[in-house]
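First residue of the sequence shown: 16, per our numbering; consecutive thereafter.
Beta carbons: idealized from backbone N, C-alpha and C, even for Gly.
Notes for the one structure printed next.
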Amino acid sequence: MISCLQEDKVRLPEELNATEPQRQALGSTLQTQLEGVEAKLSDQTQELNRLCSELGTTDLEKHLEILVLENDRLKQELNGCQLQLQQLRVSLTGCTGCEHGKENAQLREQTADLQLELGEKTQLLAKLQQHLKDVLQDKTEREERLNKQIRDCHIGLAKQPMPSVKYITKRIEVESSRTKQDLEEAQARNHYLQEQIAIQRRLLAEQEQQLQDSWRTSAQLQAQVMMYEAELERTRGEMLEAFQAMEDEKNQAIEEVFLQARTEMKTVHENLNGVRMNLLSIQPALKTLTSDYNCLKNHVRDFPCLLQDAVNQTKREIYQAVEEAQKTNQDLLRKYKREMQLRKKCHNELVRLRGNIRVLCRVRPINQDDGTGLDTRNIISFDSDDDAVLYVSHRGKTSMFELDKVFQPHAVQADIFQEVQALITSCIDGYNVCIFAYGQTGSGKTYTMEGSPEDPGINQRALRLLFGEVAERSADWDLTITVSMAEIYNETLRNLLAKDPNEKLEIKLSPDGSGQLYVPGLIQIRVQSVDDINKVFELGRVNRATDFTNVNERSSRSHALLIVSVTGINLTSGVRTTGKLNLVDLAGSERVGKSGAEGPRLREAQNINKSLLALGDVICALRSKQPYIPFRNSKLTYLLQDSLSGDSKTLMMVQVSPMEKNVNETVCSLKFAQRVRSVELGPVVRRAENQHYSSRQDYELESPSAAPQQGRFNISHSGGKTTAGKRRLMASGEVNHRQSPAALPAL
Ligand code: ADP
Ligand code: MG
């Protein structure tokens with residue numbers, strides 16, 4: 016036994032020694048496990064603290080406190096508002112039914128709604144507060160529970176052998192994650208609640224704003240009510256005063272009326288007595304009147320029959336008078352038409368009597384641009400008794416020139432037009448008309464033909480007159496007016512309305528064998544208004560070739576033609592008429608030497624001279640009715656052939672300048688004028704003319720070309736084949752009355 020014990024004694028320490036490392040290892044393992052658990056526990060505690068701080072219990076509580084305070088404040092404000100509202104209600108009861116009262120009632124309703132809403136919000140807030148309290152309480156409980164568990168864990172750890180630590184740690188871990196989840200939920204809930212509170216706060220602020228608005232409105236209303244009350248009070252005072260004044264007036268008036276009535280009554284009584292007396296005397300007169308009345312009554316009964324008879328009689332007379340008037344009217348109408356025809360005839364006769372070729376002269380005024388030198392002196396004078404003569408005084412001699420009419424410098428455009436308008440009207444009747452402006456450059460040709468925009472010349476006035484005539488005759492005639500503008504420069508015809516004004520035009524014989532001339536390509540534009548003509552003139556003006564010479568700043572070296580065609584169809588008879596009006600601003604007639612031209616300029620001037628000479632020849636030949644008229648000697652006369660011959664009417668406006676420096680050109684122009692008007696009639700009348708004017712030859716100016724060239728003209732009647740020619744002869748007495756053979760020039 017002892018040995019056994021001893022063996023055990025030996026074995027046991029050995030065994031103890033053998034198990035000692037195991038025990039130590041186990042102990043150290045347990046120790047590390049415990050340390051790990053403790054570390055985890057401390058981590059868990061820290062995490063818990065962190066979560067607690069994250070949860071912001073204290074912040075929530077603070078918010079809650081602020082909300083409660085805010086709520087209390089709002090409640091107080093609400094009470095205050097209610098009190099004010101009540102006061103307002105009391106003060107506004109005076110103006111029920113007025114507009115402010117209605118507004119007030121609306122505001123009151125709005126306030127009640129707001130109160131209701133506020134109550135609901137307050138309840139919601141209380142609920143939320145309650146909920147927040149519950150959540151906080153729940154959270155505190157859980158925390159306590161967790162703390163307790165941690166404490167238990169610590170105790171357990173202290174008590175428990177090492178393996179039980181593992182279980183505790185695990186449990187804590189499990190519980191910790193649940194707690195975390197709870198915390199998250201609580202956080203989310205808290206967040207949601209915070210948002211709700213913010214929304215509620217915003218709502219509250221809005222409502223507060225609305226409440227303030229309603230306060231303001233109420234205050235304004237109150238002020239208005241007070242103002243109205245003051246006004247009412249004042250008006251009432253005024254009314255009372257007025258009423259009192261009226262009362263006084265009324266009493267006074269009543270008194271006056273009463274007094275007046277009394278006096279009147281007295282008078283009436285007196286009158287009544289008088290009337291009574293009169294009545295007694297009137298009775299016999301009444302009887303007479305009654306019988307008269309009965310008599311009149313009978314008359315009145317018979318009156319309608321008498322009236323009917325009288326009316327019938329008057330009607331008959333009126334019908335008769337109307338019939339007579341109608342007859343007279345028709346008679347008058349017939350007479351009027353006859354007179355109109357007669358007038359037209361007379362008009363034509365007048366134009367014819369004046370001669371188909373008339374030569375007028377216009378003397379332009381001396382203006383500031385002409386300067387003040389000696390050579391700008393006036394050398395032209397007139398005869399106050401005879402508007403057909405003018406005198407040119409130069410170097411102590413005076414020459415007389417006689418034309419169909421002379422326009423003095425003061426004559427205005429309208430005077431000139433007055434003289435030519437009969438010619439223009441005859442163009443509607445189907446006559447061809449030519450009006451030429453002849454004279455040296457600067458003598459006023461363009462002024463007379465074109466004029467200025469403010470004071471237009473013959474061209475524009477003629478078209479205006481034609482427009483007027485067209486309108487007047489529109490009931491019977493369909494008339495169309497077209498215009499062409501052409502220029503003859505260096506014997507070349509150019510189309511002034513073409514896109515390319517340099518394009519040359521040719522004059523051709525009409526292919527229909529009528530012997531008429533026509534110009535292919537010459538543009539014709541229909542015009543119906545002054546605007547139309549202005550546009551056409553502007554286009555023509557731009558295209559017209561002008562240049563400068565040393566005679567005058569601007570000189571026209573081309574003939575400008577405005578050709579107006581008037582075609583008409585008579586609406587009843589269908590008769591067609593065509594009349595052509597040629598308005599020609601001729602190129603300057605000054606002599607070549609003076610204008611200092613050379614080379615191409617010389618050729619230009621020669622062409623101008625040639626064409627003007629040809630024009631003079633043609634007119635002379637026409638007036639003297641020669642069998643051969645030299646139309647083909649120039650483009651101008653060739654183009655105007657059909658407007659110069661036959662029944663056509665021609666007017667030559669010779670323009671002259673009255674200044675000393677222009678004397679030679681003036682004399683040349685006047686001689687040209689006399690040349691074209693002095694040959695027309697047979698020798699018998701001519702002789703008579705010679706006798707009549709012989710005394711005037713004394714005034715003739717020296718002139719190398721002044722010798723009469725009667726041999727050039729056929730003055731017999733053989734050329735006058737047309738009826739127009741015959742008519743002209745019949746009218747010769749008047750036309751030749753002013754001829755002065757001594758002044759017959761040759762160009
Ligand atoms: P032309 O065409 O013969 O060369 P213009 O018509 O250009 O001459 O006239 C030359 C100048 O004289 C222009 O300034 C014009 O205004 C002026 N003139 C010509 N005639 C008159 C007149 N009757 N009244 C006023 N000014 C005139
Ligand atoms: Mg001119």
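- Residue pairing by DSSP puts Leu-520 in a beta bridge opposite Leu-508.
- Judged by beta-carbon spacing, Ala-602 lies within the 8 Å limit of His-574, meaning their Cβ atoms are closer than that value.
- Lys-460 and Leu-628 have their alpha carbons spaced roughly 18 Å apart.
- Inter-segment contact for the region 644–663 and the region 378–389 is absent: fewer than three beta-carbon pairs are separated by less than 8 Å.
- Per DSSP, the continuous beta strand (DSSP E) segment holding Lys-420 begins and ends at 420–422.
- Per DSSP, the continuous beta strand (DSSP E) segment holding Arg-591 begins and ends at 591–600.
- Ranking Ser-229, Leu-666 and Ser-191 by CA distance to the CA of Gln-121 puts Ser-229 first.
- The Cβ atoms of Phe-432 and Ile-496 lie no closer than 8 Å to each other.
- Shown here, Gln-670 sits in a strand according to DSSP, grouped into three states.
- For Arg-379, the shortest C-beta to heavy atom distance toward ligand 1 is below 7 Å.
- DSSP, read as helix, strand or coil, puts Lys-302 in helix.
- When distances are taken from the beta-carbon of Lys-650 to the heavy atoms of ligand 2, even the shortest one reaches 7 Å or more.
- According to DSSP, Ala-501 shares a beta bridge with Asn-510 and Leu-576.
- Residue range 473–487 is occupied by the alpha helix (DSSP H) that includes Phe-482.
- Secondary structure of Leu-655 (DSSP, three-state): coil.
- When the beta-carbon positions are compared, Lys-412 and Leu-375 stay at least 8 Å from each other.
- Ranked by how close their Cα comes to the Cα of Asn-624, the residues Gly-594, Gln-455 and Leu-637 have Gln-455 in first place.
- In this structure, Val-498 lies near Val-542, with their beta-carbon atoms less than 8 Å apart.
- For the pair Pro-468 and Asp-547, the Cα-to-Cα distance works out to about 14 Å.
- Rounded to the nearest whole angstrom, the C-alpha separation of Glu-132 and Asp-87 is 16 Å.
- Annotation for Glu-417: the continuous beta strand (DSSP E) segment containing it runs 412–417.
- Ranked by Cα distance from Lys-142, the first of Gln-46, Gln-130, Lys-154 and Val-83 is Val-83.
- Glu-156 and Ser-191 have their C-alpha atoms roughly 15 Å apart.
- Cβ neighbours of Pro-424 within its own chain (closer than 8 Å, five residues either side excluded): Val-378, Arg-379, Pro-380, Ile-381 and Pro-673.
- In terms of Cα proximity to Phe-646, the closest of Glu-680, Phe-482, Asp-632 and Leu-322 is Asp-632.
- Looking from the CA of Glu-521, the closest CA among Thr-507, Leu-512 and Leu-511 belongs to Thr-507.
- Of the other Cβ atoms in all chains shown, fewer than 16 fall within 10 Å of the Cβ of Arg-251; this residue is therefore exposed.
- The beta-bridge partner set that DSSP reports for Ser-396 consists of Tyr-406.
- Of the residues Tyr-207, Asn-517, Gln-356 and Tyr-446, the one whose Cα lies closest to the Cα of Arg-591 is Tyr-446.
- Apart from the 5 residues on each side of it in sequence, Leu-577 sits with its Cβ closer than 6 Å to the Cβ of Asn-474, Met-500 and Leu-598 in its chain, given in chain order.
- Residue nearest to Tyr-504 within the set Glu-221, Arg-572, Arg-692 and Thr-463 is Arg-572 (criterion: CA-CA distance).
- DSSP places Ala-452 in no alpha helix (DSSP H) but in the uninterrupted beta strand (DSSP E) bounded by 448–453.
- Pro-535 is classed as exposed because its beta carbon has fewer than 16 other beta carbons within 10 Å across all chains shown.
- In terms of side-chain proximity, the C-beta atom of Thr-507 is found no nearer than 7 Å to any non-hydrogen atom of ligand 1.
- For Ile-644, there is no enclosing alpha helix (DSSP H), as DSSP gives it neither H nor E.
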